[in-house]
Amino acid sequence: MKTRFTTLFGVSFPLMSGGMMWISKAPLVAAVANAGGLGVLTALSHPDPEAFRKEIQATRALTAQPFGVNLTLLPTLKPVPYERYLQVALEEGIDIVETAGRSPEPFMPLLKAKKVKVIHKCTSLRHALKAEALGCDAVSIDGFECAGHPGEEDIGGLVLIPRVTKALQIPVIASGGFADGRGLVAALALGSEGINMGTRFLLTKEAPLNEELKQKLANAQENETSLIFRSLKNSARVYDNEQAQAILRLEAAGKGIEEIAPLASGLRGFKAYQSGDDQHAVLTLGQVVGLIDDIPSVEELIQRIMKEAKSLIQERLTRLL
Ligand SMILES: Cc1cc2nc3c(=O)[nH]c(=O)nc-3n(C[C@H](O)[C@H](O)[C@H](O)COP(=O)(O)O)c2cc1C
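First residue of the sequence shown? That's 0 in numbering that gives the first Met the number 0, and the numbers climb one at a time after it.
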């Protein structure tokens with residue numbers, strides 16, 4: 000299946016695995032690349048740029064296929080040396096970067112000078128147009144269903160994706176709520192060039208988290224996520240567990256970031272991924288979890304999605320004419 004996405008990034012299939020904090024490490028990213036999709040390593044999962052360099056090298060050792068890196072530019076309590084992470088990626092020959100969280104504008108001169116293909120992930124038409132004007136090569140548009148940060152406008156993918164695909168010239172990647180071949184076909188019908196998935200890849204064999212936790216999350220339904228940090232104007236869709244409820248109580252009581260941050264620390268999430276504790280950390284999760292009930296390998300998953308998409312187009316959709 001050829002689209003502008005597969006041509007631009009030199010991959011076989013129009014699907015990617017978005018950056019996932021603590022999760023998008025070498026084994027998962029290389030598995031996506033080897034299975035014909037586009038994977039991205041999350042820079043900030045590494046304590047410093049040199050540790051990130053080792054992860055890029057570890058990924059290279061596992062695949063000869065293209066892969067990229069994700070640079071998440073969300074507000075943090077401690078300053079992050081983004082330039083150093085980016086510099087390391089460039090030194091290691093990375094030529095695909097997914098930015099998210101904030102405008103990539105400050106980094107565009109360097110990225111363009113190095114001929115890096117930039118995918119900016121955003122959640123509104125306004126920001127997508129801005130990304131195109133800045134010279135990004137593709138936009139990934141995250142609907143309200145998505146895991147992580149859906150923005151503050153609450154527009155679902157069925158409206159947001161066609162709004163953006165109609166308005167932009169550059170390829171648009173549909174993100175949020177995709178897990179199977181039906182979703183891929185729908186996303187293509189809405190004008191996108193491919194799909195980006197987070198939650199679906201979180202629940203694969205290669206994702207580095209406790210196996211029992213994977214199974215618990217795979218059992219969750221579409222109504223088991225909640226939106227935290229809305230009062231901070233930094234909404235995040237997460238698994239609706241005890242930790243999310245505790246944060247929502249603090250928000251309802253008008254508490255600020257100082258009181259909320261300790262409950263939401265990234266390190267708690269990292270520890271939960273190791274221990275399997277599904278209740279005492281913020282666990283990023285999308286509504287699409289309701290469509291997921293197994294833990295396939297990445298290769299099995301991608302093959303299944305492509306097979307389902309092809310048979311949907313060739314059989315069901317063609318027959319309708
Ligand atoms: C566990 C997890 C961690 C994530 N961490 C990040 C991150 O660090 N940076 C980022 O840009 N997006 C992050 N995301 C969002 C994904 O890259 C992707 O945009 C989103 O999951 C798409 O929605 P879906 O889960 O419905 O597929 C994360 C998603 C998940 C599930």
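Ideal Cβ placement from N, Cα and C applies to all residues, glycine included.
Taking only heavy atoms of ligand 1 into account, decide whether any of them is closer than 8 Å to the Cβ of A219. Against the sequence shown, residue 219 aligns to sequence position 220. No.
In chain order, which beta strand (DSSP E) runs of at least 3 residues are fully inside the region 36 to 118? 37 to 41, 67 to 71 and 95 to 99
Let's see if you can read the secondary structure: which residues bound the beta strand (DSSP E) around S174? Reading the sequence shown from its first residue, position 175 is the one you call residue 174. Per DSSP, S174 belongs to the beta strand (DSSP E) from V171 to S174.
Whose CA, out of A99, I301 and E257, lies closest to the CA of L76? The count along the sequence shown starts at 1 and reaches residue 76 at position 77. Among A99, I301 and E257, the Cα nearest to that of L76 is on E257.
Where the beta strand (DSSP E) through V325 begins and ends: Residue 325 lies beyond the stretch modelled for the chain, which goes from 0 to 320, so this question has no answer here.
If you compare alpha carbons, which of A50, V31 and V158 is closest to A63? Here residue 63 refers to the residue found at position 64 of the sequence shown. Check the Cα spacing between A63 and each of A50, V31 and V158: the tightest is with V31.
What are the start and end residues of the alpha helix (DSSP H) that includes V28? Here residue 28 is taken as the residue at index 29 of the sequence shown, counted from 1. First-last of the alpha helix (DSSP H) with V28: A25 to N33.
Indicate, with yes or no, if ligand 1 has a heavy atom lying under 8 Å from the CB of H45. Looking up residue 45 in the sequence shown gives position 46. H45 has its Cβ no nearer than 8 Å to any heavy atom of ligand 1.
Is it the case that the Cβ atoms of L133 and S102 are separated by a distance below 9 Å? What you label residue 133 is simply residue 134 of the sequence shown in a count that begins at 1. What you label residue 102 is simply residue 103 of the sequence shown in a count that begins at 1. Yes. Within cutoff.
Contact defined as beta carbons within less than 8 Å: I believe G268 pairs with A280. What is the distance between those atoms, to the nearest angstrom? Here residue 268 is taken as the residue at index 269 of the sequence shown, counted from 1. Here residue 280 is taken as the residue at index 281 of the sequence shown, counted from 1. At roughly 5 Å, the Cβ-Cβ gap stays under 8 Å, so G268 and A280 are in contact.
Flag L89 as yes if its beta-carbon sits less than 9 Å from any beta-carbon of chain C, otherwise no. In the structure shown, chain C cannot be found, because there is only a single protein chain.
Thinking C-beta only, is L262 closer than 9 Å to L216? As a first step, residue 216 must be located in the sequence shown, where it is residue number 217. As a first step, residue 262 must be located in the sequence shown, where it is residue number 263. Cβ distance not < 9 Å, so L216 and L262 don't count as in contact.
Taking the alpha helix (DSSP H) that T6 belongs to, which residues open and close that run? Here residue 6 refers to the residue found at position 7 of the sequence shown. Counting along the chain, the alpha helix (DSSP H) containing T6 begins and ends at R3 to F8.
Here's a check: name, in chain order, each residue in its chain whose Cβ is nearer than 7 Å to the Cβ of G155, leaving out the five neighbours to either side. Counted from its first residue, the sequence shown places residue 155 at position 156. G142, F143 and E144.
Nearest neighbour of P105, chosen from I304, E90, D153 and Y81 [CA to CA]: Within the sequence shown, residue 105 is the residue found at index 106, counting from 1. When only C-alpha atoms are compared, the closest one is Y81.
Which residues mark the beginning and the end of the alpha helix (DSSP H) in which V158 is found? By 1-based counting over the sequence shown, the position of residue 158 is 159. Its alpha helix (DSSP H) spans residues G156 to A166.
When the distance is taken between beta carbons, is M305 closer than 9 Å to G17? In the sequence shown, counting from the first residue as 1, residue 17 sits at position 18. In the sequence shown, counting from the first residue as 1, residue 305 sits at position 306. For G17 and M305, no; Cβs fall outside 9 Å.
Tell me whether G100 counts as near ligand 1, meaning its Cβ is closer than 8 Å to at least one heavy atom of that ligand. As a first step, residue 100 is located in the sequence shown; it is residue number 101 there, counting from the start. Yes; taking the cut-off as 8 Å, the Cβ of G100 has a heavy atom of ligand 1 nearer than that.
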